[in-house]
Amino acid sequence: MASKSSTGITSRQFVTILRKFDKEGNGNINISELDAFLKAFEDEGLIEPSKTVEIAEKIREQQQGGDDVVDMTTLSIELVPDNFLAAEFGEKRSRITSVAFMKLWDHYDVDDNGYLDSVELKRFFYDMITKNKEGSDTEDSGDLEKRIDHYVQAMFDMYNIKGGKVRLEDMCKFCPVEENFLEQYETFTEEEFEEIFAHYDQDNSDEIEGCELEGFLKDLYERKHKPGQSFEKFKAEKMKKFDKDDDKKFNKQEVKKILFDKKSR
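Residue numbers (UniProt numbering): 1 to 265.
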């Protein structure tokens, strides 16, 4: 059963610390490293010392079968009670916007390297499988770990992914992302520009930044990019060319220049 712990640990914090102890890159740690692993969270101010002891005892009780390996699912149940997908999307079954997708992508791409490795992907599938479950409905951690591993392998097979790296383009195919907003426009008139900008400027700040900016660039990338060019390279190219003040955001004039740039159409 899942812990009713009220830790405020995020998936990003969890994966960042897990990587320091996960020598095999599969999301697991050795039971002998458990105390040091939990102490790392304590040192970061993420859990209280008393909670560290409580969690360690719970996990050791579950490992009494003699297994020296503690899997990511067991660790997640005790340390990360808040489900990112449930918090952001609830039981929503409709397609998500490009901006919402980029928020999801940025959350799970912990090291911002442009792809999800096996550990990051396992964390995504853990949230996906458990997002609509109550604590009492939580399945055995061993069974859940097997399901997660099955999902990861199925995704690798489905999209013929080699090297254990899921790129943004692959994730777009898997997630229910709405149709590219820019595809409905053959050309961009001044009047249509305001409609386009408003779609991505979701906080009405007259600038697009963060996930708004990446959602816009994702749609632009899908509309037209060089053969074999990754999203990360496309993004870097556009930022260098159009973000002249290097503030990591686009104002209306910068967005207008991109949309009226012939190479972006």
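C-beta atoms are modelled at their ideal positions from N, C-alpha and C, and glycine is treated no differently.
Check	Outcome
Member of 122, 118, 80 and 187 whose CA lies at the smallest distance from the CA of residue 223	187
For residue 250, the three-state DSSP class (helix, strand or coil)	strand
Span of the beta strand (DSSP E) around residue 207	207-209
Start and end residues, alpha helix (DSSP H) containing residue 237	231-242
Beta-carbon proximity check, residue 152 vs residue 174, cutoff 8 angstroms	no
Contact between the region 152-163 and the region 82-101 (3+ Cβ pairs under 8 angstroms)	no
Close-in-space but distant-in-sequence residues of the same chain around residue 136 (CB under 7 angstroms, 5 per side omitted)	The predicted position of residue 136 is uncertain, since its pLDDT is 45 and thus under 50; no value can be drawn from it.
Counted within 10 angstroms of its Cβ, other Cβ atoms place residue 247 as buried (16 or more) or exposed	exposed
Residue 16 versus 57, 48, 111 and 54, residue with shortest Cα-Cα distance	111
Alpha-carbon spacing of residue 131 relative to residue 87, whole angstroms	8 angstroms
For residue 22, the nearest candidate out of 64, 75 and 254 (CA to CA)	75
Exposure label - residue 123; buried when at least 16 CB within 10 Å	buried
Where residue 27 falls, given that 16 or more other Cβ within 10 Å makes a residue buried	buried
Span of the alpha helix (DSSP H) around residue 147	141-158
4-residue-minimum alpha helix (DSSP H) runs that sit fully inside the region 18-64, ordered along the chain	34-43 and 49-62
Three-pair Cβ contact test at 8 angstroms for the region 96-107 versus the region 204-215	yes
Inter-residue spacing [alpha-carbon to alpha-carbon] between residue 49 and residue 184	55 angstroms
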